[in-house]
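Residue numbers (the numbering used here): 35 to 233.
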C-alpha cells in the first residue's frame with residue numbers, strides 16, 4: 035500500500051512539474067508564434083495585392099456564397115492616398131484531398147483576381163502539394179505556376195474550372211478544383227459584398 039501511495043505521489047509531482055514547464059514554454063513561445071503568423075499574413079497580403087495600399091480588416095468576415103468555401107477573414111484594400119476601396123483580400127478555407135486548404139485570395143473591385151497565396155496546405159507531396167510549389171509550372175514555356183495562372187482572371191467573366199479555363203495540377207484534380215472553387219467563390223462573394231454595401 036505504501037508503494038502505491040509513494041508511486042501516486044511521485045507521479046503527481048512529476049505531472050505537476052511537466053504541466054508547469056509546458057505553461058512556461060507556452061508563455062514564451064506564444065507571442066513569438068503570433069508575431070510570425072502576423073508577419074506571414076502581412077507578406078501574404080502584399081503578395082496578393084501589391085502596391086501602396088492599406089489593408090483594413092472587417093470586424094466580421096463577409097458571407098460566402100457557397101457553403102463549401104469558408105471565408106475566415108476579409109480585408110478591404112484601400113488606396114493610401116485617396117482612401118478609396120480598390121479591392122479585397124479574403125482568407126478562405128476549402129476542403130482539399132487530405133485536409134482543408136487555407137489561402138489568401140486578392141480580388142480587385144472589377145472582379146479581377148490580383149493573386150493567390152497558400153497559407154496552409156497538407157496535400158500529397160509531388161501531387162497536390164505542387165499547388166504551392168514555385169518551381170512547378172503548369173505552363174513551362176511561359177513559366178506560369180498553378181497559382182500564377184489565376185492572376186488577371188475575372189471571376190464574373192470566367193468559370194475557373196480545371197481542364198476548361200484553368201490548367202490542373204497533374205494527378206491532383208481534387209486539389210486543383212478546391213483552389214479554383216475557393217478563388218471563384220471568394221471573388222464572387224466579395225463583389226456581392228461591394229454591391230450590397232453601395233445600395
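Glycine residues also receive a C-beta, built at the ideal position from the N, C-alpha and C atoms. Computed from a prediction, not measured in an experiment: that's the story for all the values here.
Beta-carbon separation (whole angstroms), residue i vs residue j, contact threshold 8 Å
i	j	result
residue 222	residue 99	5 Å
residue 82	residue 145	That pair is no contact at about 15 Å.
residue 162	residue 130	6 Å
residue 196	residue 179	At roughly 15 Å, the Cβ-Cβ gap does not stay under 8 Å, so residue 196 and residue 179 are not in contact.
residue 177	residue 171	6 Å
residue 213	residue 105	With a Cβ gap of about 15 Å, residue 213 and residue 105 do not count as contacting.
residue 203	residue 165	6 Å
residue 79	residue 123	6 Å
residue 137	residue 152	5 Å
Helix, strand or coil at residue i according to DSSP, with G and I counted as helix
i	result
residue 209	helix
residue 146	strand
residue 109	strand
residue 138	strand
residue 188	strand
residue 170	coil
residue 179	strand
residue 47	helix
residue 157	coil
residue 52	helix
residue 151	strand
residue 222	helix
residue 198	coil
Buried/exposed call for residue i, threshold 16 Cβ in 10 Å
i	result
residue 90	exposed
residue 121	buried
residue 157	buried
residue 133	exposed
residue 186	exposed
residue 113	exposed
residue 142	buried
residue 85	exposed
residue 92	exposed
residue 48	exposed
residue 51	exposed
Paired residues, beta bridge with residue i - DSSP
i	result
residue 104	127
residue 92	Looking at the DSSP assignment, residue 92 forms no beta bridge with any residue, so it has no partner.
residue 87	113
residue 119	112
Closer than 6 Å: residue i CB and nearest the ligand NAD heavy atom
i	result
residue 120	This structure lacks the ligand NAD, and indeed carries no ligand of any kind.
Proximal residues to residue i (C-beta, below 6 Å), its chain only, five neighbours per side dropped
i	result
residue 107	95 and 125
residue 188	145 and 146
residue 184	147, 150 and 217
Residues of its chain near residue i, where Cβ-Cβ distance is below 7 Å and the 5 sequence neighbours each way are ignored
i	result
residue 211	196
residue 205	161
residue 219	98, 99, 100 and 103
residue 209	130, 131, 157, 162, 165 and 203
residue 88	112 and 114
Residues near residue i by beta carbon distance below 8 Å, same chain, minus five either side
i	result
residue 199	187, 192 and 193
residue 227	96, 97, 108 and 122
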